[in-house]
Each structure stands twice: as C-alpha cells, then as structure tokens.
Amino acid sequence: MKWNLRLAAANRGIWQASELQRMLAEHGLVISAGKMSGLWSGNPASIKLTDLDVFCTVIDCGVEELLLPEPVEAAGADASAAPAVVATGTNSPTPRPQSGRSMPPR
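Per the working numbering, the very first residue in the sequence shown carries number 840; after that it's consecutive.
Now the structure itself:
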C-alpha cells in the first residue's frame with residue numbers, strides 16, 4: 840500500500856503538515872511534530888484505524904484516497920513457490936516443512 844496523505848491533503852487546500860496537525864488536534868488526535876513529519880513525507884509502517892478515521896474526517900476523504908494499492912513486484916520467480924531452508928550447521932540446507940515449523944533435531 841502507498842500512503843497518499845500529502846496529495847489527499849493538497850487536494851483540499853491543506854499545504855503544510857503543521858496546518859493538518861492543528862486540524863487533527865481540534866478533532867482530538869494530538870500528534871507530535873516528529874510523527875507528523877513522518878506521516879506527511881513518507882510511508883508509515885503502521886497506523887491505528889482510529890487515527891485513520893480521524894484523518895479521513897479532517898481531510899474529508901475516504902480511506903481509498905489515503906491508502907493506494909501498489910502491485911507487488913516479484914524478483915524473478917514466485918518467492919512463495921520456493922521452499923524455505925534452515926541452516927543446521929552442516930553444509931547442506933534442510934528444507935522447512937510447509938507448516939512453517941522447524942524440523943526436530945537429528
């Protein structure tokens with residue numbers, strides 16, 4: 840997903856992070872300057888749904904305008920089809936079972 844806060848805000852005439860920060864505070868969402876800077880200029884690793892709801896209310900937009908789907912690019916072959924390996928201290932890797940659990944010791 841791509842975080843699209845800056846463009847969504849600009850489409851509504853909000854050009855500065857500090858202005859949006861003030862508007863969010865008026866709706867009960869107090870965000871530090873550092874966190875606001877990260878939300879304004881980058882892709883956050885996570886965001887609370889309650890916070891997302893306040894962003895949508897303040898900016899007057901839907902979630903689909905703030906979070907844009909991005910296609911996931913595979914590097915060569917499909918990574919999910921390749922078996923995972925676990926290092927066992929020997930020169931040969933041991934395949935990991937499909938359940939995701941590790942193999943018992945030998």
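All C-beta atoms, glycine included, are put in the ideal place defined by N, C-alpha and C.
Note that the structure is a prediction, hence the values are computed from the model and not measured.
Do residue i and residue j have their C-beta atoms within less than 9 Å of each other?
{"i": "M875", "j": "A847", "result": "no"}
{"i": "V897", "j": "L868", "result": "yes"}
{"i": "P963", "j": "K841", "result": "No answer is possible for residue 963: it lies beyond the span of the chain, which begins at 840 and ends at 945."}
{"i": "Q860", "j": "A872", "result": "yes"}
Residue i by DSSP, collapsed to three states: which one?
{"i": "L907", "result": "strand"}
{"i": "W842", "result": "strand"}
{"i": "C900", "result": "coil"}
{"i": "V893", "result": "helix"}
{"i": "W879", "result": "helix"}
{"i": "E912", "result": "coil"}
Assuming residue i and residue j form a contact by the criterion Cβ under 8 Å, report the distance between their Cβ atoms to the nearest whole angstrom.
{"i": "Q844", "j": "L905", "result": "For clarity, residue 844 is Leu in the given sequence; the question names Gln instead. Confirmed, about 6 Å."}
Going by Cα to Cα distance, which pick from the options is closest to residue i?
{"i": "V893", "options": "L863, P943, G881", "result": "L863"}
{"i": "G852", "options": "C900, L891, A872, G881", "result": "C900"}
{"i": "E903", "options": "R945, I870, L891, H866", "result": "L891"}
{"i": "S880", "options": "W854, V911, E865, P910", "result": "W854"}
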